[in-house]
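Chains as they are written, first to last, in this note's numbering: chain X, 808 to 1322; chain D, 3 to 93. Glycine residues also receive a C-beta, built at the ideal position from the N, C-alpha and C atoms.
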Amino acid sequence: MNATVPATSLGEPNITAIIFFFVFIAATLGITFWAARRTKTTEEYFAAGRSISGRQNGFALAGDYMSAASFLGIAGLVSLSGFDGLIYSTGWLVGWPVVLFLIAEPLRNLGKYTFADVVSFRLKQTPVRVAAAIGTLAVVTLYLIAQMVGAGNLIKLMFGISYEAAVVVVGTVMLAYVLFGGMIATTWVQIVKAVLLLGGAALLCFLTLAQFSFNPALLFAKAAETYGAEVLAPGKQVANPWDAISLGLALMFGTAGLPHILMRFYTVPDAKAARQSVFWATGLIGIFYLMTFVLGFGAMVLVGRDAITAIDKGGNMAAPLLAEALGGTGLLGFIAAVAFATILAVVAGLALSGAAALSHDLWVSVYRKGDAPREEQLLVARIATVVLGIIAIVLGIVFKGQNVAFMVGLAFAVAASGNFPALVLSIFWRGFTTGGAVTSIVTGTVASLVLIGISPTIMVDMMGAEAALFPLKNPAIVTIPLGFASGVLVSLIAPEATARDAYDAKERRMIVGAE
Amino acid sequence: MRDDIRALARGRWRVALLLSSIVFALYFGFIIAVAFAKEAIATQIVPGLSVGILAGAVVIVGAWVTTWIYVSWANRHFDAGVKAINDKERR
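Written out as structure tokens, the structure reads:
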């Protein structure tokens, strides 16, 4: 579209990418084979036998969390609009201190596999678990759609295979890890991915800054010189201040309600290791976001906006194009393979947490009233995993061509409004009741979905209406208070004596641990 | 025994709430400044480094520092409290 656009080999089969891709697949399937022989019980399948160390879990949490949306998406957003990308990076990071201060340790001491274990601890099992499973599956589904559609588009762009084939490959490889290797394989895939992604980003950062005397300010100044000083200032992402604040709330409190993140705290031996793992994760993820910010500016200056938007209007290919500009097709191939690994690790974590909700919460705890033979539990867990894998592939194909970038923000809004208030209230408030928990989860989840449905994102951008019924793109500023208020109100109107009396036992276990 | 646990839980709750408020204030201070004081945020301290970029980096470093404070507090004081309760029970 522009004569000055340099040629790129992106989208043509790239020999380095294919080699790295097969090395990664071979290595991770090797890990899966090793993990499969260690996976004989449900505890190993869903919680890696509680054998993961704090530091290992920190890397795995980072691998579970740093999605392609944050690597390619934030680098792309920064390359096109500069400073605005930092609003997302900081928001995605400040969720982690919240997880550490309020959730991680009580969660580890109180639960087995899912966050529903914690919410239902002294409440009636069936209603709370059904509600929590709905909250979990809503978040997992929205997140899966965003990841699978992103995966299809990215792999199609990078490797030149068809969208459907890309979705099926991601779904199948992920299923192989999770089905056979369970949480042990998933954990190590996430650790390998975290190391590769951080290493790849660090290498790109080093090569970029080497051209600017290792002074980021010189890079930013060069960007401002070429594209105007507005790249260093708030731009159109914060056109409506309330949108920015509402999104900020969803990001800050959503992380603490993401089922696939919460589930990882059950893989460590005790609360102290859970604490240690968030410390590592926060450090790694913070460094990663600082690097993506530099990479975005690097792509803006060294690749150029026209060349980035010529390949993908959303800017998602900024980081791979920067890799090509800095290190030729070899480096491009490496980064493409890293992006692929990134998607696989996130999708595996999501599928496992969805499967835990289906099998542990719904089948074993609700349908079987907690009394199912061990072989049956493991079998149901594996069947649930296959179901999730198929759902992931189908969602990826059904949503082909849709703009799904907003779904990650929506998943955070549902997690922050549906899951987070119920978790916090059940941990810290003696007077919380079964009715309160169910109301809180259902209200937060449904309100988020409805308000997104009538938001400008859906009504104006997708359906072409003049104006939306609800003015904000992200509903969190309304739905988080709604989730808390509805839970408190129902608990106050109809107190539950047995739940109140059982709080001492819960508090004891929360502090001292099991036994 | 119950009172020991209650006291420990309350102490942890206070630290957790205090540190959460600090992170909340840092981040929403940043977001509100970005949303409502765009001119000030755009000011460049040295060429290339705007107030906004520096503030964003401060939020990230602030998240690290608060998690570090919590972990060192919990490793030292909270774990000692848990150990004291366990020792008392064993006796």
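Reduced DSSP category for residue i - H, G, I as helix; E, B as strand; rest coil
| i | result |
| --- | --- |
| D:Val-84 | helix |
| X:Ile-1115 | helix |
| D:Arg-4 | helix |
| X:Asp-891 | helix |
| X:Gly-1156 | helix |
| X:Met-808 | Confidence is the limiting factor: at X:Met-808 the pLDDT is only 38, short of 50, which leaves the residue's position unreliable, though a coordinate-based value still follows. Coil, per DSSP. |
| D:Trp-70 | helix |
| X:Ala-1301 | coil |
| X:Leu-1010 | helix |
| X:Ser-874 | coil |
| D:Ser-23 | helix |
| X:Lys-1176 | coil |
| X:Arg-1307 | helix |
| D:Asp-89 | helix |
| X:Thr-993 | helix |
| X:Pro-1076 | coil |
| X:Ala-1274 | coil |
| X:Lys-963 | helix |
| X:Pro-904 | helix |
| X:Ala-1321 | coil |
| D:Phe-30 | helix |
| X:Pro-1282 | coil |
| X:Leu-951 | helix |
For residue i: DSSP bridge partner residues
| i | result |
| --- | --- |
| X:Met-969 | Rather than Met, the amino acid found at residue 969 of chain X in this sequence is Ser. According to DSSP, X:Ser-969 bridges with nothing at all. |
| D:Gln-46 | D:Ser-52 |
Residue range of the unbroken alpha helix (DSSP H) whose run includes residue i
| i | result |
| --- | --- |
| X:Val-925 | 922-926 |
| X:Asn-916 | 912-917 |
| X:Val-1194 | 1181-1205 |
| X:Gly-1242 | 1241-1260 |
| X:Phe-1213 | 1213-1221 |
| X:Ala-841 | Sequence check: residue 841 of chain X is Trp here, not Ala. Here the alpha helix (DSSP H) through X:Trp-841 covers 822-843. |
| X:Ser-1053 | 1048-1061 |
| X:Ser-1233 | 1227-1235 |
| X:Glu-850 | 849-854 |
| X:Ile-859 | Per DSSP, X:Ile-859 belongs to no alpha helix (DSSP H) and is neither H nor E. |
| X:Glu-1037 | Here X:Glu-1037 belongs to no alpha helix (DSSP H), and DSSP marks it neither H nor E. |
| X:Leu-1069 | 1066-1070 |
is_contact[residue i, chain X] using C-beta, thresh 7 Å
| i | result |
| --- | --- |
| D:Ala-27 | no |
| D:Leu-21 | yes |
| D:Leu-10 | yes |
| D:Val-84 | yes |
| D:Val-60 | no |
| D:Ile-71 | no |
| D:Trp-66 | yes |
Proximity test, Cβ basis, 7 Å: residue i and chain D
| i | result |
| --- | --- |
| X:Val-1045 | yes |
| X:Gly-902 | no |
| X:Thr-993 | no |
| X:Ile-832 | no |
| X:Pro-1282 | no |
| X:Ala-882 | no |
| X:Leu-893 | yes |
| X:Pro-1048 | yes |
| X:Leu-1040 | The sequence shown places Ala at residue 1040 of chain X, rather than the Leu named in the question. It does; some Cβ of chain D falls within 7 Å. |
| X:Phe-1021 | no |
| X:Leu-1230 | no |
| X:Gly-1055 | yes |
| X:Leu-756 | For residue 756 of chain X there is no data in the structure shown, the boundaries of chain X being 808 and 1322. |
| X:Ala-1051 | yes |
| X:Ala-1028 | yes |
| X:Thr-897 | yes |
**Asked** Looking at chain X, which residues of the segment 32-54 of chain D have a Cβ within less than 8 Å of any of its Cβ atoms?
**Response** Answer in chain order: Phe-32, Ile-33, Ile-34, Val-36, Ala-37, Phe-38, Lys-40, Ile-43, Ala-44, Gln-46, Val-48, Pro-49, Gly-50, Leu-51, Ser-52, Gly-54.
**Request:** Check distances from the C-beta atoms of the segment 1309-1321 of chain X to those of chain D and list, in chain order, the residues that come in under 9 Å.
**Result:** Contact residues of the segment 1309-1321 of chain X toward chain D are Asp-1311, Glu-1314, Arg-1315, Met-1317, Ile-1318, Val-1319, Gly-1320 (C-beta to C-beta distance below 9 Å).
**Asked** What are the residues of the segment 1066-1086 of chain X that lie near chain D, defined by any Cβ-Cβ distance shorter than 8 Å?
**Response** Lys-1079, Arg-1082, Gln-1083, Val-1085, Phe-1086
**Asked** In chain order, what residues of the segment 1093-1122 of chain X put their CB closer than 7 Å to some CB of chain D?
**Response** Gly-1093, Tyr-1096, Leu-1097
**Asked** Quick one, which residues of the segment 841-861 of chain X are near chain D if we go by CB-CB under 9 Å, in chain order?
**Response** Residues: none.
**Message:** Closer than 7 Å between beta carbons: that is the criterion. Which residues of the segment 948-977 of chain X meet it against chain D?
**Reply:** none
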